[in-house]
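Residue numbers (this note's numbering): 185 to 461.
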């Protein structure tokens, strides 16, 4: 009888308890390394700003998140979060809805595939951050340019993903639907669309990381509010006690968005296997 390993090996089967331990272990190691490094630096130099203590970061977060700003009367961290989320949600919604429509049509209609697929493939190679100055010139430095950058950075990825998903659907489904009297629009929006919706949400979820990069970059260059704006504003003072909590907060928001979208797919489309990438 072959003994199945609980941790190492391709055929390992970790127990539930082992899974929980392995999930927490990297976080414990990372936090331990930070605390040890911070303690060592602060022991040598109590005024060191590179690795602030946990108490210092908590104090800074309390000041920004739970104390009204004396000049504006606002809660700085809340306002930054709302500003960034507004840009993020707007850009991702436009990219997902447009990517769905374009991907559906390119995947189903050979004429549109011949006309647009190579063109979209070409445009998808253009680095979005490279055209950020152009976007600021064309759309100004207000909200629109930031939303457009997120849109451009994620739209082509989602559209091409939708195209590939549609192409994998068996052609027999389309043939049978047309034989039974369905119109082409009914085939697209009543037969194909429900099948690709979970993949659309999954593709959107997997594009969130790139969207955050574009958002932070645009806020850092030209903005008067937002999480990225605040990080780049305080960097000149080496305020790591603000930068690190803001980075952790952005990471938590991104993780939460990813988790919520994943749970929504599992709840709404139980037949679909969610990607773990």
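Idealized CB from N, CA, C, for every residue including glycine. Given the structure is predicted, the values throughout are model-derived calculations rather than measurements.
Cβ-Cβ distance between residue i and residue j below 9 Å
i: residue 316; j: residue 371; result: no
i: residue 235; j: residue 437; result: no
i: residue 350; j: residue 290; result: yes
i: residue 401; j: residue 280; result: no
i: residue 413; j: residue 249; result: no
i: residue 434; j: residue 343; result: no
i: residue 333; j: residue 319; result: yes
i: residue 398; j: residue 275; result: yes
i: residue 391; j: residue 338; result: yes
i: residue 419; j: residue 330; result: no
i: residue 278; j: residue 335; result: yes
i: residue 310; j: residue 346; result: no
Given residue i as reference, the closest of the options once Cα atoms are compared
i: residue 404; options: 237, 303 and 325; result: 325
i: residue 377; options: 355, 211, 288 and 447; result: 288
Beta-carbon separation (whole angstroms), residue i vs residue j, contact threshold 8 Å
i: residue 389; j: residue 425; result: The Cβ separation is near 32 Å, so there is no contact.
i: residue 367; j: residue 341; result: About 30 Å; that fails the 8 Å criterion.
i: residue 429; j: residue 237; result: The Cβ separation is near 12 Å, so there is no contact.
i: residue 260; j: residue 253; result: 5 Å
i: residue 265; j: residue 411; result: 6 Å
i: residue 456; j: residue 354; result: Incorrect: roughly 16 Å between the Cβ atoms, too far for contact.
i: residue 449; j: residue 375; result: In fact, because the Cβ distance is near 20 Å, the residues do not count as touching under 8 Å.
Alpha-carbon spacing of residue i relative to residue j, whole angstroms
i: residue 358; j: residue 396; result: 38 Å
i: residue 314; j: residue 297; result: 27 Å
i: residue 185; j: residue 195; result: Any reading at residue 185 must be qualified, since the residue scores a pLDDT of 47, below 50, and its modelled position is unreliable; no value is offered.
i: residue 226; j: residue 240; result: 12 Å
i: residue 422; j: residue 415; result: 10 Å
i: residue 432; j: residue 299; result: 44 Å
i: residue 393; j: residue 409; result: 20 Å
i: residue 208; j: residue 201; result: 11 Å
i: residue 454; j: residue 445; result: 13 Å
i: residue 263; j: residue 251; result: 12 Å
i: residue 519; j: residue 210; result: Residue 519 cannot be examined here, being either before or after the span of the chain that is shown, 185 to 461.
i: residue 369; j: residue 451; result: 28 Å
i: residue 233; j: residue 327; result: 33 Å
i: residue 197; j: residue 224; result: 39 Å
i: residue 447; j: residue 229; result: 46 Å
i: residue 258; j: residue 406; result: 21 Å
i: residue 199; j: residue 212; result: 20 Å
i: residue 273; j: residue 321; result: 23 Å
i: residue 373; j: residue 303; result: 24 Å
i: residue 294; j: residue 204; result: 49 Å
i: residue 193; j: residue 206; result: 15 Å
i: residue 362; j: residue 301; result: 25 Å
i: residue 128; j: residue 214; result: Outside the shown range of the chain (185 to 461) lies residue 128, about which nothing can therefore be said.
i: residue 364; j: residue 312; result: 45 Å
i: residue 216; j: residue 417; result: 29 Å
i: residue 218; j: residue 255; result: 34 Å
i: residue 246; j: residue 222; result: 20 Å
Cβ of residue i within 9 Å of any chain C Cβ
i: residue 337; result: The structure shown contains no chain C; it holds only a single protein chain.
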